[in-house]
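A.B. asks: Quick note: the sequence shown uses full-length UniProt numbering, first residue 1, plus one each step.
I have a structure here, written as structure tokens, and I will follow up with some questions on it.
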Amino acid sequence: MRLLLILSLVSSLSFAQQSDSDDWGDDSWDTDWAEQETGLQFTGFIEGGLGGRLQSSALHSRQTLSGARVRIESQYSWQDVRLTAKGDVGFDGVQQKWQTGWRELSAQTSLGQHLDLKLGRQVLTWGTGDYVFLNDLFPKDWLAFFASQDDEYLKAPADAVRLTAFHDWANLDIAWMPEFTPDNYINGEVFSFFSPWAGITIAPGFHAETPNDDEWALRLYKTLNGTEWALYGYQGYEKSPKSLTVAGLPYFAPLTAWGGSVRLPVGDGLFNFEFSRHRSTDDNDGHNPRISNSKDLVLIGYEWELVTRLTAGVQLYLEHTNNHGALLAASPFPQWESNHNRSVLTNRLTWRDSAELWTLSLFSFYSLSDKDFYLRPSASYRLNDQWRFSAGANLFGGDTQYDFFAQFKDNNNVWLRIRYAY
């Protein structure tokens, strides 16, 4: 019923004109798909990877990445409908299990001149952050991220219905996920983490019960005179089970969020600003230490070319916990609660040679408030259009065992990947 009401609302807006200048950088919607050549085509890749800890761990083996996968992709256009399939088959040597799944299995079409529809399994994304997500509350694969699988796998797929409506003054995206899709969160199966309730670093390998409910996300956006702006809304649940039931079991607390962003050229680079308000509906006053408090999030970023072929990007992320005094008063471990105001500075440096065969990169997180860090150096070599070799590391550090990045320092690892595209 709610989906029918949304369809009726969007149709009643009488969207008059689609703007050709609306190119939101992280938006995967292809407005020219109807003009593509019809026919069935297959592409994909074969990839293998190895990774291991730099030190032994009492909770895990040395391996953090081991195995291989095969990707098969195909698209088929028939009249005004495009069908897309992207499937993976692989073996995870760390968890000793086969993994199969669809990254995309979708159909998309136009419902009239100013309304597009895409339904099925798909990867959804929006917002302006680089590895930092404020209003992008679609599922992420943090296990793949920490194991340094390809960046593509950080964004996890979800079964969704997505409507995009176009107007000369604004465009509207509505995404409805009929079943809540959580992150592939860190649960201790491969990477350990600190538990304030246990007071130590643990690796329980838990699986929280997923809510049997839907989730909604909305974006109103436009590009005006080179400035991209957007407003966002979300209704659903925490994407990772950061809260606990009375019985002490991890669960996904209900969450609503709204925010906005702007991105525009400034000087020789690109400036972005984003904010979001995350409201914890099960703990409005912050008196329940088992449930995450509401938070206000701010991100300021700038990206530019330092010298030829060397680009840099910096971000300042600010996180304000609401009702922090009530949280400390009710918490059984106030010394381990997060700071009232947490700040993180990120930096990305990327260099490519003139032939674009070599790519060297360093992404760093450093918390100005907690004094801990996370470094992601990497190097990639493209032998030709088919072969690519990549290597790098995940390095965590800090003076304590309970701060956000420092809790993972037993998981420091190096990795190597080889990919053949066909």
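All residues carry an ideal CB built from backbone N, CA and C; glycine is no exception.
Which of the three DSSP states, helix, strand or coil, is assigned to P334?
C.D. replies: In the structure shown, P334 sits in a helix (DSSP, three-state: H, G or I).
A.B. asks: Do you know whose CA, among S292, T125, Y237, L416, lies nearest R219's CA?
C.D. replies: Minimum Cα distance to R219 is reached at T125.
A.B. asks: Mark F372 as exposed unless 16 or more other C-beta atoms lie within 10 angstroms of its C-beta, in which case mark it buried.
C.D. replies: Here residue 372 turns out to be Asp, not Phe, going by the sequence shown. Classification for D372: buried.
A.B. asks: Could you tell me the boundaries of the alpha helix (DSSP H) in which W169 lies?
C.D. replies: Run containing W169: none; DSSP gives neither H nor E here.
A.B. asks: Ends of the beta strand (DSSP E) at L270?
C.D. replies: Its beta strand (DSSP E) spans residues 269-280.
A.B. asks: Would you tell me roughly how many angstroms separate the C-alpha atoms of W169 and A230, rounded to the nearest one?
C.D. replies: Distance between the alpha carbons of W169 and A230 is about 12 Å.
A.B. asks: So P139 packs on K239, CB below 8 Å; how close in whole Å?
C.D. replies: Yes, they are in contact, since the Cβ atoms of P139 and K239 sit about 6 Å apart, within 8 Å.
A.B. asks: Going by DSSP, what residue range makes up the beta strand (DSSP E) through A198?
C.D. replies: Unbroken run through A198: none, as it is neither H nor E.
A.B. asks: At the level of alpha carbons, what is the spacing between L297 and T321?
C.D. replies: One C-alpha to the other measures close to 9 Å.
A.B. asks: Which term fits A217, buried or exposed, when burial requires 16 or more other beta carbons within 10 angstroms of its beta carbon?
C.D. replies: Flag for A217 reads buried.
A.B. asks: So what does DSSP say about H320, is it helix, strand or coil?
C.D. replies: Of the three classes helix, strand and coil, the one that applies to H320 here is strand, per DSSP.
A.B. asks: State buried or exposed for D285, treating a residue as buried only when at least 16 other CB atoms are found within 10 Å of its CB.
C.D. replies: Under this definition D285 is an exposed residue.
A.B. asks: In angstroms with no decimal places, state the Cα-to-Cα distance between D268 and T311.
C.D. replies: Going from the Cα of D268 to the Cα of T311 covers about 11 Å.
A.B. asks: Who does D116 pair with in a DSSP beta bridge?
C.D. replies: Looking at the DSSP assignment, D116 forms a beta bridge with S110, T164.
A.B. asks: What residues in its chain sit with their C-beta under 8 Å from that of I6, if we drop five residues either side in the sequence?
C.D. replies: Because I6 carries a pLDDT of 39, less than 50, the predicted location of this residue cannot be relied on, and the following value inherits that uncertainty. Around I6: L163, I174, W176.
A.B. asks: Can Q122 and P157 be called in contact, C-beta distance under 8 Å?
C.D. replies: Yes. Within cutoff.
A.B. asks: For the stretch 302-316 against the stretch 256-273, are there 3 or more C-beta pairs whose distance is under 8 Å?
C.D. replies: Touching, yes.
A.B. asks: Grab me the residues of R69's own chain with a C-beta within less than 7 Å of its C-beta, minus the 5 sequence neighbours each way, in chain order.
C.D. replies: Hits under 7 Å: E47, D88, V89, G90.
A.B. asks: Which one of D399, A160, T64, L395 has the shortest CA to CA distance from F363?
C.D. replies: Checking every option, the nearest Cα to that of F363 belongs to L395.
A.B. asks: Report yes if the C-beta distance between L357 and Y374 is below 8 Å; otherwise report no.
C.D. replies: Going by C-beta atoms, L357 is not nearer than 8 Å to Y374.
A.B. asks: Do G370 and R309 have their C-beta atoms closer together than 8 Å?
C.D. replies: For the sequence presented, residue 370 should be read as Asp rather than Gly. Not a contact, by the Cβ cut-off of 8 Å.
A.B. asks: So Q315 and L299 are in contact, right, with Cβ under 8 Å, and what is the actual spacing, rounded?
C.D. replies: Their Cβ separation, rounded to whole angstroms, is 6 Å, which keeps Q315 and L299 in contact under 8 Å.
A.B. asks: With DSSP as the reference, please indicate the residues paired to D141 in a beta bridge.
C.D. replies: D141 pairs with N184.
A.B. asks: Compare the Cα-Cα distances from L383 to each of L345, T84, E228, I418 and report the closest residue.
C.D. replies: That would be I418, whose Cα lies nearest to the Cα of L383.
A.B. asks: For G259, which three-state DSSP category applies?
C.D. replies: Strand at G259.
A.B. asks: Starting from the N-terminal side, write out each stretch of the alpha helix (DSSP H) that is 4 residues or longer and does not extend beyond the stretch 343-409.
C.D. replies: DSSP runs (the alpha helix (DSSP H)) wholly in the stretch 343-409: none.
A.B. asks: Got a sec? Which residues, its chain only, sit under 6 Å from E215 by beta carbon, not counting five neighbours each side?
C.D. replies: Hits under 6 Å: M177, F180, G236.
A.B. asks: Note down the Cα distance separating F405 from D136, rounded to an integer number of angstroms.
C.D. replies: In a straight line, the C-alpha of F405 is about 21 Å away from that of D136.
A.B. asks: How is E73 classed by DSSP in three states: helix, strand or coil?
C.D. replies: It is a strand residue.
A.B. asks: Is L54 near the ligand NAD, judged by its Cβ being under 7 Å from some heavy atom?
C.D. replies: By its list of ligands, the structure shown contains no ligand whatsoever, and the ligand NAD lies outside what it can speak to.
A.B. asks: Is it true that the CB of A198 sits closer than 8 Å to the CB of L59?
C.D. replies: No, Cβ-Cβ distance for L59 and A198 is not below 8 Å.
A.B. asks: Could you tell me the distance, in whole angstroms, from the CA atom of D151 to the CA atom of E104?
C.D. replies: Approximately 16 Å between the Cα atoms of the pair.
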